[in-house]
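Okay, structure first, notes after.
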Amino acid sequence: MAALKRMKPGKATGPDDVAAELWKSRHWNSAQWLTAFFNEIVEEKKTRVDWQRSTTIPIWKRKDNPADCANYRPIRLLSHSMKIFERIIDRRVRDIIRVSTNQCGLVANRGTTDAIHAARLMIEKDCEKQKPLHMAFLDLEKAFDRVPHEAIWYALRWHVVPEKLIE
1 MAALKRMKPG KATGPDDVAA ELWKSRHWNS AQWLTAFFNE IVEEKKTRVD WQRSTTIPIW
61 KRKDNPADCA NYRPIRLLSH SMKIFERIID RRVRDIIRVS TNQCGLVANR GTTDAIHAAR
121 LMIEKDCEKQ KPLHMAFLDL EKAFDRVPHE AIWYALRWHV VPEKLIE
């Protein structure tokens with residue numbers, strides 16, 4: 001189970017107090033148990049209520065005055081069981097929906113620096129050819145916070161994602 005292997009040891013537990021090390025323990029067949037458990041969740045189309053809880057902890061940014069609340073960023077401690085489940089669902093959906101090779105956001109091992117590098121290459125290439133280049137930059141920070149769930153479900157169905165995974 002790849003999602004289980006990707007769990008890092010030594011991470012803080014979420015509200016359920018179940019450590020990633022428990023799921024990775026060799027003393028019992030956790031992968032088999034988790035598979036049955038997750039399949040039951042998918043069949044019933046109901047996630048666990050306790051997975052909706054989290055513990056929020058302020059982390060100091062290590063700059064400026066530690067007494068100033070603005071110098072902290074919140075992190076949420078979530079259930080490791082839920083994270084494993086979400087990774088499995090994410091993998092199944094990504095196996096169906098292919099992400100463009102041009103996309104940098106929400107793609108493993110790609111980010112802002114890759115987008116900047118691609119833009120610089122385009123600028124240099126067109127400068128060498130003395131061609132005009134027009135670029136548009138959009139700031140999509142928190143864009144997905146505003147997308148209606150119905151639009152996401154429509155897009156998943158359009159890509160023929162199984163209804164079990166959508167629900």
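Residue numbering for the sequence shown follows UniProt numbering, beginning at 1 and increasing consecutively.
Cβ coordinates follow ideal geometry from the N, Cα and C atoms, glycine included.
Reduced DSSP secondary structure (H/G/I, E/B, other) of residue i
i, result
"leucine 4", "helix"
"aspartate 64", "coil"
"glutamate 167", "coil"
Those residues which DSSP pairs with residue i across a bridge
i, result
"isoleucine 57", "Ile75"
Separation of residue j from residue i, as counted between CA atoms
i, j, result
"arginine 62", "lysine 164", "44 Å"
"lysine 131", "arginine 120", "14 Å"
"serine 30", "isoleucine 84", "12 Å"
"alanine 70", "threonine 55", "19 Å"
"tryptophan 60", "proline 74", "9 Å"
"aspartate 126", "leucine 133", "7 Å"
Residue i classed as buried or exposed, judged by whether at least 16 other C-beta atoms fall within 10 angstroms
i, result
"alanine 136", "exposed"
"tryptophan 23", "buried"
"methionine 122", "exposed"
"tryptophan 3", "The sequence shown places alanine at residue 3, not tryptophan. Alanine 3 is buried by the Cβ-count criterion."
"alanine 20", "buried"
"isoleucine 116", "exposed"
"isoleucine 88", "buried"
Any C-beta of chain D under 8 Å from that of residue i
i, result
"isoleucine 97", "In the displayed structure, chain D is absent; only one protein chain is listed."
Cβ contact check for the segment 98 to 105 and the segment 42 to 57: 3 or more pairs under 8 Å: no
Three-pair Cβ contact test at 8 Å for the segment 5 to 25 versus the segment 74 to 93: yes
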